[in-house]
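Have a look at the structure below, then the notes.
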Amino acid sequence: MKLKVGVVGLGRGRVYLDRFSDQTQAGVVAMCDADTSRLESADCPVDASRYTNYEEFLRHDLDMVVICTEMPQHADHTIAALEGGKHVLCEVPAAYTLSECEAVVQTVEKTGLKYMLAENCCYSDMHLAWKEQIDAGELGKIIYAEAEYIHDCRGMMRRGDGTLTWRAKMPPIQYCTHSLGPLLFLMEDRCVAATGFNTGSNIAPDLGVIDLEVGLFQMESGAVVKILCGFSIERYPAFHWYVIYGTKGALESKRQYKDRASGYFRGIAPDREMTPFTSDDSGHGVAESRIVEGFIKSILNDTKPPIDVYAAMDYTAPGICAHLSAERDGAVVPVPNYR
């Protein structure tokens, strides 16, 4: 059986056109984007159908929809696809509000279809190597972790006509999945309470975008996690940074992609270098290949997707709660458990 795949949103979605072209058990048969120039320039099978209307796209004979549209549309597009009988692979984050989180979970439960969040940072070589070490007990009990994602996206916050895109309106901490997601994946934990603060709009007041926003999270295990996100910062190049502290040691990434990660473990020489996983693939699509392969297997074998709808909300809802906290002067906000 070869799964019939549709991709909506051909900005970010182009990477999935490439990833599915490598698959023998699934292939892209339809694409959708409101921008006709993207449809015309997309590198995909010549016989793939092209749509500018999402409702018409969903009437195509599809097994799976890959949602790569703008962040505030993710939940609505997910629900429509599920109700149309399609499995869903959705880009991050899963939703924009807590009510949307609940609605997506309810729709997955009602339809019985597969849903997976495409959090690519969980599938980086570094995080997969760390996962092996943590699962082997090398860090002991994890008690604290931090992550940061800093990326100056001001060039993507205005359209050609001067109107603002969703990126200018997005609270930075609500785009925390690239930071929080890998930590939860490694820790096998979930947030139960959130506190948030932000700096306001100082760097780009013409855009109204918040400079930096931080979330502090209490975990179900008792551990503490801190996340910092900023998307209008005078900092180059963009970076992801992670550190995890356990009772036996610590793991820390470097702030630039070409630097090597390091770790310290009790009884082992300091500054132990990590040996990363290797892949036959290269570039930004490595993680996406792993995501696609994992989701295809879950559909064909009728197993739980690697990042299922409940994990998706564990990655998404804490950022929403942290921003709600920031709006309430740092008051603690409980994080819902959607299981």
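When the letters of the sequence shown are read in order and numbered with the working numbering, they come out as residues 26 to 364.
Here a beta-carbon is modelled for each residue, glycine too, at the ideal position from N, C-alpha and C.
Close-in-space but distant-in-sequence residues of the same chain around residue i (CB under 6 Å, 5 per side omitted)
i: residue 242; result: 216, 219, 250 and 343
i: residue 230; result: none
i: residue 222; result: 239, 351 and 355
i: residue 164; result: 271, 273 and 274
i: residue 212; result: 167
i: residue 324; result: 112 and 139
i: residue 304; result: Residue confidence is low: residue 304 scores 43 on pLDDT, short of 50, so the model does not pin down where it sits. Its coordinate-derived value is still stated next. Result list for residue 304: 311, in chain order.
i: residue 228; result: 236 and 257
i: residue 347; result: 198, 219, 221 and 240
Rounded C-alpha distance that separates residue i from residue j
i: residue 142; j: residue 267; result: 20 Å
i: residue 128; j: residue 202; result: 19 Å
i: residue 207; j: residue 275; result: 15 Å
i: residue 98; j: residue 90; result: 14 Å
i: residue 78; j: residue 85; result: 11 Å
i: residue 262; j: residue 280; result: 9 Å
i: residue 277; j: residue 331; result: 24 Å
i: residue 42; j: residue 353; result: 42 Å
i: residue 3; j: residue 68; result: Shown here, the chain extends from 26 to 364; a query on residue 3 therefore has no answer.
i: residue 96; j: residue 117; result: 7 Å
i: residue 308; j: residue 40; result: Confidence is the limiting factor: at residue 308 the pLDDT is only 42, short of 50, which leaves the residue's position unreliable, though a coordinate-based value still follows. Whole-angstrom Cα-Cα distance: 11 Å.
i: residue 319; j: residue 52; result: 15 Å
i: residue 313; j: residue 47; result: 11 Å
i: residue 269; j: residue 204; result: 12 Å
i: residue 105; j: residue 30; result: 16 Å
Distance cut-off 7 Å: residue i Cβ against heavy atoms of the ligand GDP
i: residue 43; result: Summarising the ligand content, the structure contains no ligands, and the ligand GDP is consequently not present.
Of the listed residues the options, nearest to residue i (C-alpha basis)
i: residue 288; options: 159, 226, 202 and 356; result: 159
i: residue 123; options: 168, 174 and 339; result: 339
i: residue 245; options: 325, 226, 359 and 320; result: 359
i: residue 214; options: 178, 69 and 169; result: 169
i: residue 209; options: 156, 132, 177 and 189; result: 156
i: residue 265; options: 333, 174, 320 and 318; result: 174
i: residue 322; options: 50, 31 and 45; result: 50
i: residue 83; options: 177, 107, 65 and 317; result: 107
i: residue 88; options: 109, 224 and 226; result: 109
Exposure of residue i, with buried meaning 16 or more beta-carbon neighbours within 10 Å
i: residue 134; result: exposed
i: residue 26; result: exposed
i: residue 192; result: buried
i: residue 72; result: exposed
i: residue 161; result: exposed
i: residue 166; result: exposed
i: residue 62; result: exposed
i: residue 144; result: buried
i: residue 328; result: exposed
i: residue 149; result: buried
i: residue 233; result: exposed
Other residues of its chain near residue i: CB distance less than 7 Å, five sequence neighbours each side excluded
i: residue 345; result: 122, 123 and 199
i: residue 363; result: 126, 127, 130, 335 and 338
i: residue 120; result: 99, 100, 126, 129 and 341
Close beta carbons around residue i, own chain, < 8 Å, minus the five adjacent residues each side
i: residue 187; result: none
Evaluate contact between the stretch 237-246 and the stretch 176-187, counting only Cβ atoms and requiring at least three cross-stretch pairs below 8 Å. Contact between the stretch 237-246 and the stretch 176-187 is absent: fewer than three C-beta pairs spanning the two stretches fall below 8 Å.
- Query: Are at least three pairs of beta-carbons, each pair with one atom in the stretch 192-202 and one in the stretch 249-256, less than 8 Å apart?
  - Reply: Contact between the stretch 192-202 and the stretch 249-256 is present, with at least three C-beta pairs closer than 8 Å.
Cβ contact (3+ pairs, closer than 8 Å) linking the stretch 57-68 and the stretch 31-46 = The stretch 57-68, when compared against the stretch 31-46, does touch it at the 8 Å Cβ threshold.
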